[in-house]
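Q:
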Amino acid sequence: MRLLLWLVVLLTTPLAAAAQSLLLVPDRVFTATDAASRPGWKVLVAGDRIVAVGPDIVAPAGARTLVLPGMTLLPGLIDLHVHLFLHPYDEASWNDQLIKEPLALRTARAVAHARATLMAGFTTVRDLGTEGAGDADAGLEAAIAQHIVPGPRLLIANRALVATGAYGPKGYAFDVPQGAEEVSGVDDVVAAVRRQIAHGADWVKFYADYRWGPGEPSRATFSLEELKAGIAAAHDAGRKVAVHASTPEGMRRATLAGADTIEHGNDGTPEIFRLMRAHGVAFCPTLAASDAIARYAGWNGAAPEPEAIRAKRRSYAAARESGVALCVGGDTGVFAHGDNAREIALMAVWGMASGEALRAATAGNAAILGLADRIGTIAPGRLADLVAVAGDPVADPMALGKVRLVVQNGAIVRAP
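Using mature numbering (1 follows the signal peptide of the UniProt record, and there is no 0), the letters of the sequence shown correspond one by one to residues -18 to -1, 1 to 398.
1. Would you kindly work out how many angstroms separate the C-alpha atoms of Phe188 and Ala284, rounded to a whole number?
2. Which residue marks the beginning of the beta strand (DSSP E) containing residue 447, and which one marks its end?
3. For Cys266, which beta-bridge partners are listed by DSSP?
4. Is Ile130 buried or exposed, if buried means 16 or more other CB atoms sit within 10 Å of its CB?
5. According to the neighbour-count rule (16 or more other Cβ atoms, all chains shown, within 10 Å of its Cβ), is residue 404 buried or exposed?
6. Based on Cα-Cα distance, which residue from Arg141, Arg201, Ala148 and Tyr154 lies nearest to Val175?
7. Span of the alpha helix (DSSP H) holding Leu368?
8. When the distance is taken between beta carbons, is Ser297 closer than 8 Å to Pro267?
9. Take Gly311 and list the residues in its own chain whose beta-carbon comes closer than 6 Å to its own, dropping the five residues that flank it on each side.
10. In angstroms, rounded to a whole number, what distance separates the CA positions of Ala370 and Ala155?
11. So for Pro362, helix, strand or coil by DSSP?
12. Using CA atoms only, rank isn't needed, just tell me which of Met334, Ala18 and Leu209 is closest to Asp169.
13. Using only CA atoms, which one of Val165, Leu136 and Lys152 lies nearest to Thr146?
14. Kindly give me the distance between the Cβ atoms of Thr106 and Arg135, rounded to whole angstroms, as I take these residues to be in contact under 8 Å.
15. Note down the Cα distance separating Leu368 from Leu55, rounded to an integer number of angstroms.
16. Assign Glu303 to buried or exposed, taking buried as 16 or more other Cβ atoms, counted over all protein chains shown, within 10 Å of its Cβ.
17. Whole beta strand (DSSP E) runs in the region 194 to 232 with 3 or more residues, listed along the chain?
18. Identify whether Asp378 lies in helix, strand or coil by the three-state DSSP scheme.
19. What is the DSSP secondary structure of Ala393, counted as helix, strand or coil?
20. Verify whether the separation of the beta carbon atoms of Trp185 and Leu137 is less than 8 Å.
21. How would you call Thr(-7), buried or exposed, if buried means at least 16 neighbouring beta carbons within 10 angstroms?
22. Given a cut-off of 8 Å, decide if Gly182 and Ala127 are closer than it, judged by their beta-carbon atoms.
23. Which same chain residues, not among the five before or five after Val316, have their C-beta less than 8 Å away from its C-beta?
24. For Asn282, does the count of other Cβ atoms within 10 angstroms reach 16, so buried, or fall short, so exposed?
25. For Ala290 and Asp109, I'd like the C-alpha separation in whole angstroms.
26. If you scan the region 22 to 73 from start to end, which runs of the beta strand (DSSP E) of 3 or more residues do you find wholly inside it?
27. What are the partner residues of Ser3, as DSSP defines its beta bridges?
28. Using the three-state DSSP reduction, which class does Leu87 fall into: helix, strand or coil?
29. If you reduce the DSSP assignment to three classes, tell me which class Leu340 lands in.
30. Per DSSP, Arg135 is paired with what?
31. Could you tell me the alpha carbon to alpha carbon distance between Ile254 and Pro398, rounded to whole angstroms?
32. Secondary structure at Gly320, three-state DSSP: helix, strand or coil?
33. Determine contact between the region 24 to 42 and the region 240 to 248, defined as no fewer than three beta-carbon pairs at a distance below 8 Å.
34. Here's the rule I'm using: 16 or more other beta-carbon atoms within 10 Å means buried, otherwise exposed. How should Gly82 be labelled?
35. Of the residues Leu206, Glu198 and Leu50, which one's Cα is nearest the Cα of Lys24?
36. Once the 5 residues before and after Pro(-5) are set aside, which same chain residues still bring their CB inside 6 Å of it?
Following this line, the structure appears as structure tokens:
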């Protein structure tokens, strides 16, 4: 009798339910192991894992089969530069969001942004700073992990670190909340890194350059010694480091200090990108943010291009020519969450082959995160993070805007 009761309990537990198999039958599969789509392939999922991929898979007894006509199945997409606590700058300026919007409102927006991101097929994102919302990203990360709210797998950078007096908001005659934690001197930097890690940071973010005054050009902020000490403290704690840097000098200091990724690089030069490659630093160009900001200022997307866009094109071309590892992250939040694929499309339109841009947004980003053994490719043993889109994004990257199915850890969270 006890054996019978044990069997009943076992068969009704979540573990047994999670083991149910799902066979996905799209028109083609993009595994991200290379830059090609494979017509006629299928993917078999059991529980939260991919167990088989290929053309000749037979569903086991009791499996559910989901046919996806006209669709391409891809690994869950990854965005390495988002700000879930920001919303588009044509709705409210960055200054107004930080100064006028209460934390509860910003957090409610972040919850909605997380859901929109997941529904767009992005199953993992790296959030690079709450921009004045303190440690609220740690709470959002926990809420998603505990299935309280829907959202992508979230890796957070907490408050981020800026040199004292170097960030914003600026231009006010009184003290206002700042967009990141201000620090000065090696000891202060190291203490802040450790403090942010204690508050939940999965990554540590520094601003290596910024505008010291309203309307001024970006200039280096932290000294090389400050950056080296802070990055070493993060690495000692098992955390990787992202560095905001737009100028050649900021990028040079970040590279020599041991950064793992450099964000933006608006004025990056061939020499700087070659230095980054030699030091194993990846580059996140954030093309979509530059495009969005230019459009907010009145550019219609056609010629003549504003100088900021021309500079970004030069930087991106130099990065591709150098062979530096490119990560995909649009600075999403400057523009709408859920439109994350805008960065992938721009990377392709501006010169990268579409299949390679897709690989960068999946396998490449997973490798940069140190998660290539879990996510980023469709292969046996990987987590079943999957997205199906109408059409073939290798032929047309705009197909990424036609998401029909999202699978997260083996569970269907958006159905056709």
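Built from N, CA and C at the ideal position, the CB exists for glycine as well.
Since the model is a prediction, treat every value here as computed from it, not as a measurement.
A: Answer, in terms of the structure:
1. Distance between the alpha carbons of Phe188 and Ala284: 34 Å.
2. Outside the modelled stretch of the chain, which goes from -18 to 398, sits residue 447, for which no answer is possible.
3. DSSP output for Cys266 lists Glu245 as bridge partner(s).
4. By the 10 Å Cβ count, Ile130 comes out exposed.
5. Shown here, the chain extends from -18 to 398; a query on residue 404 therefore has no answer.
6. By alpha-carbon distance to Val175, the top candidate from Arg141, Arg201, Ala148 and Tyr154 is Arg141.
7. Looking at the DSSP string, Leu368 is not in any alpha helix (DSSP H); the run it does join, the beta strand (DSSP E), is Leu368 to Ala372.
8. Yes; because the gap between Cβ atoms is below 8 Å, this pair is in contact.
9. So the qualifying residues of the chain are Asp61, Leu62, His63 and Cys266.
10. The straight-line gap from Cα to Cα measures roughly 52 Å.
11. Collapsing the DSSP output to three states places Pro362 in coil.
12. Selected option, being the one with the closest Cα: Leu209.
13. The option with the nearest alpha carbon to Thr146 is Val165.
14. About 4 Å; that satisfies the 8 Å criterion.
15. Leu55 has its alpha-carbon roughly 7 Å from the corresponding atom of Leu368.
16. Taking a 10 Å sphere around the C-beta of Glu303, we find fewer than 16 other C-beta atoms and assign the residue as exposed.
17. Listed in chain order, they are 200 to 202 and 222 to 227.
18. For Asp378, the secondary structure class from DSSP, reduced to helix, strand or coil, is coil.
19. Look at Ala393 here: in three-state DSSP terms it is strand.
20. Yes, Cβ-Cβ distance for Trp185 and Leu137 is below 8 Å.
21. Only weak support is given to the placement of Thr(-7): the predicted model assigns it a pLDDT of 40, under 50, and the value that follows is read from those uncertain coordinates. Counting other Cβ atoms within 10 Å of its Cβ, Thr(-7) stays below 16 and is therefore classed as exposed.
22. Taking 8 Å as the cut-off, the Cβ atoms of Ala127 and Gly182 do not count as close.
23. Close CB contacts of Val316 within its chain, under the 8 Å cut and outside five residues either way in sequence, are with His65, Leu68, Pro70, Tyr71, Ala270, Ala271, Ala274 and Ile275 (chain order).
24. Here Asn282 is exposed, its C-beta having fewer than 16 other C-beta atoms within 10 Å.
25. Whole-angstrom Cα-Cα distance: 24 Å.
26. Those beta strand (DSSP E) runs which fall completely within the region 22 to 73 and span 3+ residues are 24 to 28, 31 to 36, 46 to 57 and 59 to 64.
27. DSSP output for Ser3 lists Ala28 as bridge partner(s).
28. Three-state result, Leu87: helix.
29. Assignment of Leu340 by DSSP, reduced to helix, strand and coil, places it in the helix class.
30. Beta-bridge pairing links Arg135 to Thr106.
31. Straight across, the Cα-Cα distance linking Ile254 with Pro398 is about 45 Å.
32. Taken through DSSP and simplified to helix, strand or coil, Gly320 comes out as coil.
33. The answer is no - the region 240 to 248 does not touch the region 24 to 42, with fewer than three Cβ pairs under 8 Å.
34. A small correction: the amino acid at residue 82 is Lys; Gly does not occupy that position in the sequence shown. Label assigned to Lys82: exposed.
35. Minimum Cα-Cα distance from Lys24 among the listed residues Leu206, Glu198 and Leu50 corresponds to Leu50.
36. Confidence is the limiting factor: at Pro(-5) the pLDDT is only 39, short of 50, which leaves the residue's position unreliable and the question unanswerable from this model.
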